[in-house]
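Keeping their order, the protein sequence lines are chains Z and C.
Taking the working numbering, I'd label the letters of the first sequence as residues 3 to 687.
Taking the working numbering, I'd label the letters of the second sequence as residues 3 to 687.
Protein chains: 2
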Amino acid sequence: MPVSETFPPTDVAIARPVPVQIVGRIPVQSVRPLVDDGQRPAKSVEGEWFTVAARVFREGHSSVNATAVLRDPQGRDHHFPMHIDNEGLSWWSAPVRADRTGMWTYRVEGWSDPVATWQHDAGIKVPAGLDVEMMLEEGARVYERALAELPAGVDGAALAHLVTTLRDTGRDPEERFWAASAPDVLAVLAAHPLREFVSPSAAYPLLVERQRALYGAWYEIFPRSEGATFDPETGTWTSGTFRTAAERLPAIADMGFDVVYLTPIHPIGRVNRKGPNNSLVAGPDDPGSPYAIGAAEGGHDAIHPDLGTFDDFDYFVARAAELGMEVALDIALQCAPDHPWVTSHPEFFTTRADGTIAYAENPPKKYQDIYPLNFDNAPQSAYAEMRRVIQVWLDHGVRIFRVDNPHTKPVQFWQWLIADVAKDYPETIWLSEAFTKPAMMAALASAGFQQSYTYYAWRNAKWELEEYVKELATDSAAFMRPSFWPTTHDILTPYMQYGGPTAWQLRAALAATLVPTYGIYAGYELMENIARPGVEEQIDNEKYQFKDRHWADYEPGGPKAGRSLASYLRKLNQIRRAHPALHWLRNITFHHCNDDNVIAFSKTTIVDTADGSQYRDTILVIANVDPHSTRETTVNLDMPALGMRWDQSFTATDLLIGHSWTWGASNFVRLGPGTQPVHIIHVTG
Amino acid sequence: MPVSETFPPTDVAIARPVPVQIVGRIPVQSVRPLVDDGQRPAKSVEGEWFTVAARVFREGHSSVNATAVLRDPQGRDHHFPMHIDNEGLSWWSAPVRADRTGMWTYRVEGWSDPVATWQHDAGIKVPAGLDVEMMLEEGARVYERALAELPAGVDGAALAHLVTTLRDTGRDPEERFWAASAPDVLAVLAAHPLREFVSPSAAYPLLVERQRALYGAWYEIFPRSEGATFDPETGTWTSGTFRTAAERLPAIADMGFDVVYLTPIHPIGRVNRKGPNNSLVAGPDDPGSPYAIGAAEGGHDAIHPDLGTFDDFDYFVARAAELGMEVALDIALQCAPDHPWVTSHPEFFTTRADGTIAYAENPPKKYQDIYPLNFDNAPQSAYAEMRRVIQVWLDHGVRIFRVDNPHTKPVQFWQWLIADVAKDYPETIWLSEAFTKPAMMAALASAGFQQSYTYYAWRNAKWELEEYVKELATDSAAFMRPSFWPTTHDILTPYMQYGGPTAWQLRAALAATLVPTYGIYAGYELMENIARPGVEEQIDNEKYQFKDRHWADYEPGGPKAGRSLASYLRKLNQIRRAHPALHWLRNITFHHCNDDNVIAFSKTTIVDTADGSQYRDTILVIANVDPHSTRETTVNLDMPALGMRWDQSFTATDLLIGHSWTWGASNFVRLGPGTQPVHIIHVTG
């Protein structure tokens, strides 16, 4: 990846002149996708189908055709025949996929199609008796060329036989013409078309990453809370550790999560430490926010002593791996005032006119517990130090990083860091925690973040979910992979505060099915819906204090048995794992419902099995997004989008409750708090 | 222009790898315009205002700013400050213009704005009494930097005084803060902003051409008809000549046209010559179609002997120039079967299986009088020979070429030819006569044609005119300059056949005002509206026969005096010349009318006068597009688009009829066959 070779990037201060390009013999315009006008790679994951499109056309009346070509990292071309979608507007497209990770390229080749030109002309002239023998001889010559250009080893018998037939003046001319449409002729030409004046577009970069970059279920914990205990006699807490947190891992794995994400695990600053509920003064036993990183014990390359040692961390990572899960680490590049960098690297910070180091502020708001990093005073050493810190965690087996507030650091820095890590660890996944303007969200994604938090938490109405997911699944899918979180430790929307258990089921089910990556924050099972007055976050935010959720109370036989969504989440994750249709983003179709609160969508995919056979997997989700009232309505399905005819019926099995119905194009549903808020339906013959 | 240096283009058969680009320190995305995804130059003409836009944003809370920069052919940068159009979507834009012809570049520079950042923060903190002295000292340092970076020769007194004031602890803090908003401080910083981390986008090519490429009124003639005479006794015609055609030039100039366009002037083939009304067999005296080019007397580099000699042609060109007009020549790259190339360059044609040269066909239609050229058999010699032919006409003073059916030749060929001619004759203008699919129309334009015929003849309803002109004036204006023709010698739509004189006035007036270049075909004055049955072209098409229009009959005192639109056209062209607002394309605004047949639009521009002063020129056009009924309605004007307040009134002077009214935001109009179909209103104080 050339982008990682400039360290730090300096030549971007010089405008790059863009030369005028020569039009191809067969013009190919508007190749799509095109990320940042072709300046950044398009993205996919291994095995992911996506569409390459372009406008392809030519002068005169001869036939034109087009091929989408993916070149793999080893330099081998993979051809995908394109079909014309819109003849008037000259749009062609092909579904394509790359079968392994690495930096590929994609291009569109326009070409003149002598076989189609002859088919068209001869198909009119031969039946009309015009220039019959000449047309058949011209056909023979065209197919002779096709035969001559077959790759070595391809059987040309069908073409050779056709050439002889076309020249057999003893036979009926129309019969000779139709011989060109014999299945064996069409088959060999479909695989090896005669392409003339092949005119490639530019070859755009395509970064193919591992499937976890697109698909996975995340579970967020504050490790210090897992196993934390409160002593009522002394009124003090004992912190959880990596060892005690590891005891929670089987339960998380049992719910079917793929990634365990840990909030920052580093020493926490003591200077200006915040107390419970973001109070300005912490008590002597308050643990502080793990986002106020750095103290005498160390900074971003260290572990908070309360959590244990690097050995304990390694144990935690290994235990997660045993359970089939990866660990994601939170990278929050900001410092407490007592972070070691403040003395060792004062150039990493901004010094004010009075000689003090600038704390974070957004006037008139002040965040005196946080010193933001400044990447401009000494970019070279700042970049190198950040890279060193990341290497510490790479060396301890971490391959997923959740980046806190990346939009407060230069986009350029992330582009460089992610690319530089990818040189040696291409499997690394970075999740961007940016809740900001669309341009910045997009820029972080196209610069390299494999995943992005989204506006999902604030998209609750049917129309806004549809609009947003359509954007995510089409225009932005080539560079931004969405992660849907109904809540986080900082986000508790009014919808979740007031929607009751129905809202918590619904928003998890939608997150888990609308997009392939979703996540929840520990305690989601318990529907912790009380907000700190005046802000849209939980009261007693776990950022500032320990939280013992007494998980055992919700187990069978416990005092709160049945008052947890754990089994609902387990079911969602089981459905996700069993149904490949839910592993993809771009395969979504929305269906029409008369009720403006009932949303319906489906995902479908063709699955290749180990034995070489294929089957279609289709999941249909119907949800009432109003958590306050039960609704009855009719769902009108786009049957072709489900792979069926309009008059077909099918078996609809609700995977959440196990019921089956026979459904067709129009179906009655009843959804809401009075019953289940969501159908997740497996569509079968 | 690098594109002309590869002759013929060969390396376009190799996919150009597009490297990943590094994001700038301040990200700049989606620079617009962007032609063919940045592969072809954006276009403008000297002095033409257009908008450069981009998404510019940055990390954190500091202020961002942006500049559009045009670099002239001599390498000097011209800065245009951008303003933010949409804060949420991070879109910035600036009106820009290039003041001379040549290959420029354009780019957008994003930058960090320390002055604005300080203004924002200090503006909150100083009045609130927070960190007052530190904030004022930081301000002093920021303005010190601005002062230090002023270009040599710029007066820094205002900034120096401000720095002193900010540090003057004897004065009121708020007063010191507000000193930074003094007009002289703002003025020097507006001209010379303190720009930090300047981050340029790529520099895209911008081809600036002469104004005639955008603005002009064209008049088409068949030169052989002008002065042709019919002898009723012998029943034969005598062809007009360049000398007799030149006698028509004063009348054309008097009507105010800028360009006289001649249909092809070359020898006409005799083999398979067509007769009147496209009949397959010509009589011995039928002159044939000037589009069937080439005979024993010569080909595309020769003049039809009936028209005269090169000296006569030179006389015609010179006479037009004396009258203030340019001559446009029709380039129809196709051959009659007896064209000299058929024997001298058989490789320029396609040979069929039976050994014959392929004539034009679109099966089952056959055009046996035309051999299309084939540019693929021998591109090098074909390109060179076409270039040689063009040089003949360049050498005889032609600088405008109207290209017949360019969409039947490779786009690549035109791109090369136009660029190669521009190397020595950058003032050359090529008009593309392509009536075909949008992708091809766009590709010919972006490949280099300075002007394009359009779908105007088939856009008659109000909604389709609005939609089409909006597209032409915005999205496609950066690469395609429209030419509006209500009719041509091949196009006579039902609207013109049946719309009566009202339609002929209306369609000329709309063409002349909606876009800066329009054209009419000789005889438009006479409203020749009879079609050959079954086709949408004139009966007795001038392509196949002489036509003596007896112009003198329509002169004052003649038998048909007053039955011509000549004076109407003269008035239209006078208005166009007198009003710079009509010289531009991108300055159009549509206004609302309640009646779906009444269209209203305005164009406005600021005019720089020779004495250095400026004035605003505004033209408002209101037309009833239904030629069959008079309509009364209310026109609701977008007053700010006219440079006025919503409550203002103005003098509306109809330049066609000379009447004036006092108008405001809502105005009654009555338009149609019963009165004038069009108001062309000059808007004044």
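Think of the CB as a built atom: it goes at the ideal place given N, C-alpha and C, for glycine as much as any other residue.
* By a C-beta neighbour count over all protein chains shown, 10 Å radius and 16 as the cutoff for buried, is R173/Z buried or exposed? -> exposed
* **Local conformation of F403/C per DSSP, three classes** => strand
* Look at the alpha carbon of K439/C and the alpha carbon of R250/C, and state the distance between them as a whole number of angstroms. => Rounded to the nearest angstrom, the two C-alpha atoms are 36 Å apart.
* To do: Give, in chain order, every unbroken run of the beta strand (DSSP E) that is at least 3 residues long and sits entirely within the region 417 to 457 of chain C.
  => 431 to 435 and 453 to 455
* To do: For T238/Z, write down the residues that DSSP places opposite it in a beta bridge.
  => D233/Z
* To do: Could you spell out the range, first to last residue, of the beta strand (DSSP E) harbouring H594/C?
  => I590 to C595
* Quick one: what does DSSP say Q753/C is sitting in, helix, strand or coil? -> Here chain C covers residues 3 to 687 and nothing more, so residue 753/C does not appear.
* Asked: To which residues of the same chain is F451/C closer than 6 Å at the C-beta, ignoring the five residues directly before and after it?
  -> W432 and S434
* Asked: How far does the beta strand (DSSP E) with Q616/C in it reach, from first residue to last?
  -> Q616 to N626
* Hey, quick one: how far does the beta strand (DSSP E) through Q31/Z stretch, first residue to last? -> Counting along the chain, the beta strand (DSSP E) containing Q31/Z begins and ends at V30 to R34.
* Just tell me which of P202/C, A159/C, F199/C and A205/C has its CA closest to the CA of L191/C. => A159/C
* To do: Could you tell me the distance, in whole angstroms, from the CA atom of F199/C to the CA atom of V671/Z?
  => About 58 Å.
* Asked: Under the DSSP definition of a beta bridge, which residues are partnered with G112/C?
  -> According to DSSP, G112/C bridges with A68/C and S201/C.
* Asked: Does A215/C have its Cβ less than 8 Å from a Cβ in chain Z?
  -> Not one beta carbon of chain Z lies nearer than 8 Å to the beta carbon of A215/C.
* Residue-level contact to chain C via CB, V680/Z, 8 Å cutoff -> It does not: the Cβ of V680/Z has no partner Cβ on chain C nearer than 8 Å.
* Using alpha carbons as the reference points, say which of D422/C, T171/C, A193/C and H585/C lies closest to G155/C. => A193/C
* Asked: Is N364/Z close to chain C, meaning its C-beta is less than 8 Å from at least one C-beta of that chain?
  -> yes
* Asked: Taking 8 Å as the CB-CB cut-off, is M3/Z touching chain C?
  -> Confidence in M3/Z is poor, its pLDDT being 38 and thus under 50, which makes the residue's placement too unreliable to answer from.
* What is the residue span of the alpha helix (DSSP H) that A55/Z lies within? -> A55/Z -> not in any alpha helix (DSSP H); beta strand (DSSP E) instead, spanning F52 to V58.
* To do: Excluding the 5 residues preceding and the 5 following T238/Z in the sequence, name in chain order all residues of the same chain whose CB lies nearer than 6 Å to its CB.
  => D287
* **With 16 other Cβ atoms within 10 Å as the buried cut-off, status of G26/Z** => buried
* Using a Cβ-Cβ cut-off of less than 7 Å, give me the residues of the region 395 to 417 of chain C that come near chain Z, in sequence order. => So the list reads H409, T410, K411, P412, V413, Q414 and Q417, given in the order they occur along the chain.
* If the cut is a Cβ gap below 8 Å, which residues of chain C does A130/Z touch? -> P366
* Asked: Can you list the beta strand (DSSP E) stretches of 3 or more residues lying completely in the region 656 to 685 of chain C, in chain order?
  -> Whole beta strand (DSSP E) segments, 3+ residues: 662 to 665 and 668 to 673.
* Given E363/C, which residues of its chain have a CB within under 7 Å of its CB, disregarding the five upstream and five downstream residues? -> Y369
* Compare the C-beta of S201/Z with all C-beta atoms of chain C and state if any pair is closer than 8 Å. => So, interface residue.
* Terminal residues of the alpha helix (DSSP H) in which G502/Z lies -> G502 to L516
* Do we get a CB-CB distance below 8 Å when we pair R389/C with the residues of chain Z? -> It does not: the Cβ of R389/C has no partner Cβ on chain Z nearer than 8 Å.
* To do: In the DSSP assignment, find the alpha helix (DSSP H) that holds S383/C and state where it starts and stops.
  => P381 to D397
* **Chain-ordered neighbours of D39/C on chain Z, where CB pairs are closer than 9 Å** => The contacting residues are Q31, S32, V33, L36, D39, G40 and A204.
* Please decide whether P19/Z counts as near chain C, where near means a Cβ-Cβ distance under 8 Å. => yes
* Asked: Between the C-alpha atoms of S241/Z and S201/C, what's the straight-line distance to the nearest angstrom?
  -> 47 Å
* To do: Measure the alpha-carbon distance for N67/C versus E228/Z and round it to whole angstroms.
  => 47 Å
* Could one say the Cβ of L168/Z lies closer than 8 Å to chain C's Cβ atoms, at least one of them? -> no
* Asked: Residues bridged to V262/Z by DSSP?
  -> DSSP output for V262/Z lists Y221/Z and V329/Z as bridge partner(s).
* Would you kindly work out how many angstroms separate the C-alpha atoms of D649/Z and T664/Z, rounded to a whole number? => 13 Å
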